[in-house]
Each structure stands twice: as C-alpha cells, then as structure tokens.
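Enquirer:
There are 2 protein chains.
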Amino acid sequence: MTRPKIYLFGDSITEESFSVGGWGASLAHHFSRTADVVLRGYSGYNTRWALKVLERVFPASHGGDGGTGTAPIALSVFFGANDACVPDRCSAFQHVPLHEYKQNLHSIVSFFKKRWPTTLVLLITPPPIDEDARCRYPYVENPQGLPERTNEAAGEYARACIGVAGECGIPVVDLWTKMQQYPDWNKDYLCDGLHLTQSGNQVVFEEVITKLREEGLNLESIPVDLPLIADIDPNDPLKSFLQ
Amino acid sequence: MTRPKIYLFGDSITEESFSVGGWGASLAHHFSRTADVVLRGYSGYNTRWALKVLERVFPASHGGDGGTGTAPIALSVFFGANDACVPDRCSAFQHVPLHEYKQNLHSIVSFFKKRWPTTLVLLITPPPIDEDARCRYPYVENPQGLPERTNEAAGEYARACIGVAGECGIPVVDLWTKMQQYPDWNKDYLCDGLHLTQSGNQVVFEEVITKLREEGLNLESIPVDLPLIADIDPNDPLKSFLQ
C-alpha cells in the first residue's frame with residue numbers, strides 16, 4: 001500500500017515540532033502505522049513569504065514521485081505568530097498587516113483546495129504571547145526594550161484566522177483561546193513567551209487530533225499498513241503475508 | 001525543490017522511534033529543513049517477514065508520486081531483536097535461525113542496492129537484552145518464566161549483522177556493543193529489557209548521525225529548503241524569494 005500523508009505547513013512552531021515532545025513527532029507517533037507526517041515548517045516566515053514559496057514547497061507532480069501529486073489526507077496551515085509582530089518594533093520586517101494576513105490565508109487555503117479538493121485543510125491560530133518573557137528572550141537586537149509581539153495583536157490575528165476558517169468552511173484550532181484557559185499558560189505552555197514547551201506541544205497535538213477526528217479522520221478510518229503483530233497467528237505466521 | 005528522504009525500516013524499535021525523545025523524531029528534527037525522515041517500522045517483525053513484505057513497503061514507482069521511485073539518500077535496516085528470540089521459549093514464533101537471519105539481511109540489502117544503487121544503506125544491530133527485565137515485562141503469556149530473549153543470542157545476531165555489513169561493504173551501527181560500554185546500560189538505555197528509554201534513543205540517534213556523517217551525509221551536504229530566516233535581509237525580505 002501507499003501510505004497517506006499529512007503535511008504540516010507553518011513557521012517555527014511547525015519547524016520545531018519534531019523536537020523532544022513536539023506536536024509533529026507526536027502526530028507521527030500516533031499515525032506510525034497509518035500515515036506519514038511530513039514536516040514543512042519555515043522558521044520566521046509569515047503568510048506573505050509563505051505565499052511566495054507555496055509552489056516550491058508543494059510542487060505539482062512531474063511524473064516521478066518527486067512532486068506532491070497525490071492528495072494528502074490532511075494538511076495544517078499554522079501561520080500568524082510572525083505576521084503579528086508589531087510594525088514599529090524590532091521584528092517589524094516580519095510584520096504583515098491584518099487585512100493582508102486574512103487575504104494571504106485565503107489565498108493559501110484556495111491553493112490547497114484547488115490542488116487537492118479532497119484534502120482536509122486545518123488552520124491553527126497563533127498561540128498567545130507572554131510579553132514579559134518576550135522582553136527577556138529577544139531574537140534580534142532590541143534597543144527599545146519593548147516586546148516585539150503583544151498578546152493583544154496575536155489575539156487579533158487569531159480571530160482573523162478563525163474568520164477565514166469560517167468563510168472557507170474548514171476547521172480551525174483556536175490555540176490562542178485554548179491555551180489561555182489555563183491559569184499558568186504563559187509558564188506551562190510557552191518557553192520564551194512564543195514557542196512551546198512540551199506541555200504546550202501536547203495541547204497542540206491533542207487539539208489537532210480532536211479536530212481531525214471531528215472531521216472523520218482517525219486511526220480507525222485509515223487502513224493499517226501490514227498486519228499488526230497481535231493479528232499474526234503464532235502457529236502459522238506466514239499466512240498473514242500471503243498477498 | 002524536492003526534499004530527499006531517509007527511510008527507517010525495522011521492527012518495534014523503529015516503529016516507536018517517534019515517541020517522546022525517540023531516535024526517529026530526533027533525526028527528523030535534525031534534518032527539519034533538509035530531508036524527510038519516513039517511518040517504516042513494523043512491531044514484532046523479523047527478517048523473514050520483512051522479506052515477504054519488502055515489495056509492498058517499498059513499491060516500485062508507478063507514474064504518480066505514490067511509489068517510492070526516487071532514491072532516498074539513506075535508509076536504515078534495523079532487524080534482529082525478534083529473529084533472536086529463543087526458539088523453545090514463549091516468543092518462538094518470531095525466531096529466525098542465525099544462518100537464515102544472515103541470508104535474509106543479505107537479501108534485504110541486495111533489494112535496496114538493486115533498486116537504489118546510490119542510497120546509503122545503514123544496518124543497525126539489535127540492542128543488548130536485560131534478561132531480568134524481560135522476565136518482569138512479558139509481552140505474551142510466559143508459563144516457563146524464562147526470558148524469551150537472551151543477551152548472548154542478541155550478541156550472536158549482532159555479530160552476524162556486522163558480518164553482513166562487512167560482506168556488503170556498507171556501514172553498521174553496533175548497538176549491542178556500544179550500549180554495553182556503559183555500566184548501567186540495562187537500566188539507563190532499556191525500559192523493559194529490550195525497548196529503549198529516552199537515553200537509549202539518544203544513543204541510537206547519535207550513532208546514526210555519526211555513521212551518516214562518516215559516509216558524507218550531514219547538514220552541510222544537503223541543500224537547505226528555502227532561505228533561512230538568518231539569511232533574509234530585514235531591509236528587503238522579498239528579495240530572498242525571487243526565483
């Protein structure tokens with residue numbers, strides 16, 4: 001059989017999702033005998049840059065197996081944390097205005113819906129921001145001493161992302177809201193005010209699994225690749241491998 | 001660009017390699033912007049069963065991208081822990097005689113060398129066995145109360161695996177020897193006398209990375225997929241995305 005694929009497309013929170021306890025690795029482990037989880041995370045990228053590279057990240061099939069011709073069963077689109085950088089602070093070059101972020105997300109979703117009409121496209125909102133921690137762990141020189149991301153801005157982009165999902169009729173994980181339902185979200189879920197701890201990764205994993213299941217995609221709905229050891233007859237193992 | 005692939009083919013120690021701290025996930029994280037790490041682990045399988053399913057796990061290209069037509073840059077073959085089950089104990093149905101194990105490994109390597117002459121095929125020996133722990137954590141009913149795997153047998157299969165690597169002129173990770181160089185290997189590296197702890201997974205990851213590097217395959221030798229954030233000009237970011 002050919003295993004179905006699940007693509008993870010996003011920024012650093014996707015690129016780092018195979019670190020220890022990462023949500024991408026957890027998905028790959030969860031689907032270890034059923035689907036391939038393919039990492040397409042690009043640290044620092046916003047939706048403007050994502051749009052520029054979309055055709056290169058997901059090239060059309062070209063006869064061999066090098067392209068991405070076969071429709072994946074699912075694909076996550078997880079951008080916004082960089083778009084939401086404050087425009088007049090130290091990471092301004094990553095900022096994308098809110099209305100353009102919405103347009104870009106629409107364009108990205110349309111690209112996938114046109115390429116792969118059957119694929120479950122799942123949006124994920126940016127996480128909340130711990131501004132104090134963002135001042136303590138700057139990524140670039142920060143002479144102003146002000147956080148380059150704010151939780152309020154992240155919330156606006158999260159709501160915009162939810163709006164796009166609604167307009168496109170596709171599911172969305174509202175990570176910004178979900179995480180803030182826990183009192184110590186800023187310390188338990190975030191390691192530097194933006195990126196995820198193991199617990200934060202676990203939240204993303206569980207939310208993604210839940211959304212996939214709501215859309216009919218779970219371990220029971222995907223064929224298992226080759227007989228499980230529990231289904232192999234100890235008295236005649238080779239019987240399981242007749243074609 | 002199309003990312004190169006690294007396949008991980010093996011038994012449960014491969015199938016579980018994307019659990020928290022797993023060696024497969026660590027590889028995927030290490031190569032997060034350069035190569036796709038593809039999981040093909042089948043719990044409980046020995047080399048006899050692996051041979052039966054080889055064509056199904058790695059189907060020839062069939063025009064679309066569903067096959068495995070493009071040569072991966074590397075592929076690990078990690079079997080032997082099940083072949084080495086003691087023939088007259090409770091997991092006897094997984095046992096494969098030593099001479100057949102060698103023949104099977106040869107056949108598996110030949111299959112890949114014929115299919116993909118340029119692919120770096122890496123053998124990994126079975127890990128050492130903690131027999132006391134194997135009695136405490138039985139996988140099947142064990143009325144005899146004897147360990148279904150012994151460290152001595154695992155060592156014989158490990159030496160056979162190293163022999164095959166030598167005969168084929170391909171690299172091998174001697175996990176059986178490497179792990180036993182540490183005094184508390186049985187507690188630190190193994191969680192049930194056979195499968196790996198996070199520390200044990202780390203050993204596999206480091207050994208695999210080292211072998212790949214010795215064979216010329218490392219982060220510097222594989223092109224990065226799209227510009228890194230550090231290489232994007234903050235004053236003119238879009239310049240980086242001109243084709």
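Keeping their order, the protein sequence lines are chains R and V. Under full-length UniProt numbering, think of the first position of the first sequence as 1, with each following residue one higher. Under full-length UniProt numbering, think of the first position of the second sequence as 1, with each following residue one higher. Cβ coordinates follow ideal geometry from the N, Cα and C atoms, glycine included. Computed from a prediction, not measured in an experiment: that's the story for all the values here.
#1: Taking Cβ-Cβ distances shorter than 7 Å, what residues in chain R pair up with residue 38(V)?
#2: Whole angstroms are fine: how far does the CA of residue 41(V) sit from the CA of residue 66(V)?
#3: Going by DSSP, what residue range makes up the alpha helix (DSSP H) through residue 54(V)?
#4: Give the residues of chain R in contact with residue 114(V), contact being defined as C-beta atoms less than 7 Å apart.
#5: So which of 232(R), 132(R) and 45(R) has the shortest CA-CA distance to residue 145(R)?
#6: In this structure, does DSSP put residue 205(V) in helix, strand or coil?
#7: Which residues bound the beta strand (DSSP E) around residue 37(R)?
#8: If you run the structure through DSSP and keep just helix, strand and coil, what is residue 169(R)?
#9: Thinking C-beta only, is residue 38(V) closer than 8 Å to residue 7(V)?
#10: So, is residue 200(V) buried or exposed, given that buried needs 16 or more other C-beta atoms within 10 angstroms?
#11: Mind the definition here: the stretch 164 to 171 of chain V touches the stretch 115 to 125 of chain V only if three or more C-beta pairs lie below 8 Å; say whether that holds.
#12: Could you confirm whether any beta carbon from chain V is found closer than 8 Å to the beta carbon of residue 84(R)?
#13: So, is residue 92(V) buried or exposed, given that buried needs 16 or more other C-beta atoms within 10 angstroms?
#14: Express the C-alpha separation of residue 49(V) and residue 16(V) in angstroms, rounding to a whole number.
#15: From residue 120(V) to residue 46(V), what distance separates their C-alpha atoms?
#16: Thinking just about the alpha-carbon of each residue, which of 35(R), 106(R), 102(R) and 198(R) is nearest to the one in residue 83(R)?
#17: Decide if residue 160(R) is buried, meaning its Cβ has at least 16 other Cβ atoms within 10 Å, or exposed.
#18: Assign residue 36(V) to one of two classes, buried (16 or more other C-beta atoms within 10 Å of its C-beta) or exposed (fewer than that).
#19: Which of helix, strand or coil does DSSP assign to residue 109(V)?
#20: Quick one: what does DSSP say residue 155(V) is sitting in, helix, strand or coil?
#21: Alpha carbon to alpha carbon, how far is residue 11(R) from residue 77(R)?
#22: Can you tell me the Cα-Cα spacing of residue 63(R) and residue 114(V), whole angstroms?
#23: Take residue 5(R) as the anchor and find which of 19(R), 100(R), 225(R) and 110(R) has the nearest alpha-carbon.
#24: Find the nearest neighbour of residue 85(R) within the set 59(R), 100(R), 134(R) and 148(R), judged by alpha-carbon distance.
#25: Looking only at its chain, what residues have a beta carbon closer than 6 Å to the beta carbon of residue 228(V), apart from the 5 residues adjacent to it on each side?
#26: Helix or strand or just coil, what does DSSP make of residue 240(R)?
#27: Would residue 94(V) be called buried (16 or more neighbouring beta carbons within 10 Å of its own) or exposed?
#28: Are there three or more Cβ pairs, one per stretch, closer than 8 Å when the stretch 17 to 24 of chain V is compared with the stretch 22 to 35 of chain R?
#29: Please give the ranges of any alpha helix (DSSP H) in the stretch 73 to 141 of chain V, keeping only runs that are unbroken, at least 4 residues long and fully inside the region.
Expert: Per the coordinate set shown:
#1: 36
#2: With a pLDDT of 49 at residue 66(V), under the threshold of 50, the modelled position of this residue cannot be trusted, and the question is left open.
#3: 47 to 57
#4: Near residue 114(V) there are no residues of chain R at all, since even the closest Cβ is about 18 Å away, more than 7 Å.
#5: 132(R)
#6: helix
#7: 36 to 41
#8: coil
#9: yes
#10: buried
#11: yes
#12: no
#13: exposed
#14: 18 Å
#15: 22 Å
#16: 102(R)
#17: buried
#18: buried
#19: helix
#20: helix
#21: 9 Å
#22: Model confidence at residue 63(R) stands at a pLDDT of 46, short of 50, so the residue's coordinates are unreliable; what they give is reported in the following sentence. Using only the alpha carbons, I get a separation of about 21 Å.
#23: 225(R)
#24: 148(R)
#25: none
#26: helix
#27: buried
#28: yes
#29: 98 to 115 and 131 to 136
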